[in-house]
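K.L.:
Quick one: structure below, then a few questions.
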């Protein structure tokens, strides 16, 4: 058995990690395990968003996407890029606006990153368990950008939320992101969306994932803000 | 879509257990080849061993394809096992938590013994 992978095989992958670590105190990230689609509760979906980019190479496109990723996101959502950028093993914090105005604080692990793609993997407590791969490639004589999500809602509450508006909101999020990305290259094209239900079954054995639900924990954190403020003022300096 | 640089061979070394030998690269371009290989497996097979002895390279899209293959097999009540993974790809299976649902073995013989 080989123990020395070549650079092409090893370089783009994150090093083995059991739990995420962040130093800035962003809630719902540190100590959380990364989760694969198999670790979620809800139906498994594969959602593919694709748009044309015009005369740019896939490598140029992904370089731009890595460097400007947060700028392409819709307003009200924040991606706190790691200092080292989108690179294998880096962890990014996210603040997402949920239906009803609730702010969901969570994060992602950069699972994989090479010249033509990168993959973000979600931690426990995120609205879905799985990953999203952004890639650029040449097909039919032009360059395309693609975002592909492979996911299950993490717990029963998120599954309910995804069913009643969450999937639509996610579609809007990535359509906006790819539209803005294409506009960066002066291209105004439509984003094609393809949704496939990979597995209709729900994994009831994973219902206890709700313990980590970042939405609930973010809500409790927001509700506790006044108490933390008062305690901070009373404590001796 | 780009031509996949993947070669997949299906063998049936013992009744009820199929081996899919994966050679070359597993990337997004391997989707059709993997689906075709799975369809060549007897639907009544109780276990499928994925042999990675000749795997040269796999990216995150390739891992995604393994997840969807796994779901199809689970729906058909088939176990998925793996053998021939290098230390590096064993770590990738752990990182992506595929090792929790695909049992990993050092050799084809060990995988077949576990599947029998």
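Residue numbers (my numbering), protein chains in the order written: chain A, 5 to 241; chain B, 61 to 176. Ideal Cβ positions, reconstructed from N, Cα and C, are used throughout, including at glycine. Predicted model only: the values in this text are computed from it and were never measured.
With H, G and I counted as helix, E and B as strand and the rest as coil, what does DSSP make of residue 128/B?
P.N.:
helix
K.L.:
Compute the distance between the beta-carbons of residue 68/B and residue 93/B, then report whether it is under 8 Å.
P.N.:
Here residue 68/B is near residue 93/B, since their CB atoms are less than 8 Å apart.
K.L.:
Got a sec: which bits of the stretch 44–77 of chain A sit with their beta carbon under 8 Å from any beta carbon on chain B, in order along the chain?
P.N.:
For the stretch 44–77 of chain A, which is checked against every Cβ of chain B, the residues closer than 8 Å are 48, 50.
K.L.:
For residue 181/A, report the span of its beta strand (DSSP E) as first-last.
P.N.:
No beta strand (DSSP E) contains residue 181/A, which is instead part of the alpha helix (DSSP H) from 171–188.
K.L.:
Under 8 Å Cβ to Cβ from residue 177/A, same chain only, skipping five residues before and after it: list those, please.
P.N.:
77, 78, 81
K.L.:
Can you give me the Cβ contacts of residue 98/B inside the same chain, cut-off strictly under 7 Å, excluding the 5 residues immediately before and after it?
P.N.:
129, 132
K.L.:
For residue 115/A, would you say it is in contact with chain B, using Cβ-to-Cβ distances shorter than 8 Å as the test?
P.N.:
yes
K.L.:
Within the 8 Å Cβ cut-off, does residue 230/A reach chain B?
P.N.:
no
K.L.:
Within 8 Å of any Cβ in chain B, is that where the Cβ of residue 25/A sits?
P.N.:
no
K.L.:
Hey, residue 48/A and residue 202/A are a contact pair by Cβ (cut 8 Å); roughly how many whole angstroms apart?
P.N.:
4 Å
K.L.:
Taking all protein chains shown into account, do 16 or more other C-beta atoms lie within 10 angstroms of the C-beta of residue 142/A, making it buried, or fewer, making it exposed?
P.N.:
So residue 142/A counts as exposed.
K.L.:
What beta strand (DSSP E) runs, 3 residues minimum, are completely inside the stretch 49–89 of chain A?
P.N.:
82–84
K.L.:
Among 225/A, 158/A, 112/A, which has the Cα closest to the Cα of residue 21/A?
P.N.:
112/A
K.L.:
Which residues of the stretch 194–207 of chain A have a Cβ closer than 7 Å to any Cβ of chain B? Give them in chain order.
P.N.:
202, 203
K.L.:
With a floor of 4 residues, list each alpha helix (DSSP H) that falls wholly inside the stretch 127–164 of chain B, ordered by position along the chain.
P.N.:
147–155
K.L.:
Residues of chain B with CB closer than 9 Å to the CB of residue 21/A, please, in chain order.
P.N.:
155
K.L.:
Please report the residue range of the alpha helix (DSSP H) in which residue 100/B lies.
P.N.:
91–100
K.L.:
Can you find a CB in chain A that lies within less than 8 Å of the CB of residue 81/B?
P.N.:
no
K.L.:
Using a Cβ-Cβ distance under 8 Å, would residue 61/B count as near chain A?
P.N.:
Low confidence applies to residue 61/B: its pLDDT is 49, below 50, so where it sits in the model is not reliable enough to give any reading.
K.L.:
Suppose contacts are defined by Cβ-Cβ distances below 8 Å. Is residue 3/A in contact with residue 121/B by that definition?
P.N.:
This structure leaves residue 3/A out entirely; chain A is present only between 5 and 241.
K.L.:
Give me the residue from 145/A, 123/A, 91/A, 144/A with the minimum Cα distance to residue 135/A.
P.N.:
123/A
K.L.:
Please report whether the beta-carbon of residue 124/B lies at a distance below 8 Å from any beta-carbon of chain A.
P.N.:
So yes, residue 124/B belongs to the interface.
K.L.:
Give the straight-line distance between the Cα atoms of residue 8/A and residue 103/A, rounded to the nearest whole angstrom.
P.N.:
Unreliable positioning characterises residue 8/A in this predicted model, as indicated by a pLDDT of 46, which lies under 50. A coordinate reading is not provided.
K.L.:
Enumerate in chain order the residues of its own chain whose CB-to-CB distance from residue 107/B is below 8 Å, with the five nearest sequence positions on each side excluded.
P.N.:
76, 77, 78, 138, 139, 140, 141, 175.
K.L.:
Could you give the first and the last residue of the continuous beta strand (DSSP E) run that contains residue 108/B?
P.N.:
107–118
K.L.:
For residue 106/A and residue 32/A, I'd like the C-alpha separation in whole angstroms.
P.N.:
Cα to Cα, the separation comes out at about 15 Å.
K.L.:
Sort 227/A, 204/A, 233/A, 213/A by Cα distance to residue 135/B and report the nearest one.
P.N.:
Proximity to residue 135/B across 227/A, 204/A, 233/A, 213/A peaks at 204/A, based on C-alpha coordinates.
K.L.:
Can you confirm whether residue 152/B, when its beta carbon is compared against all beta carbons of chain A, has any partner nearer than 8 Å?
P.N.:
yes
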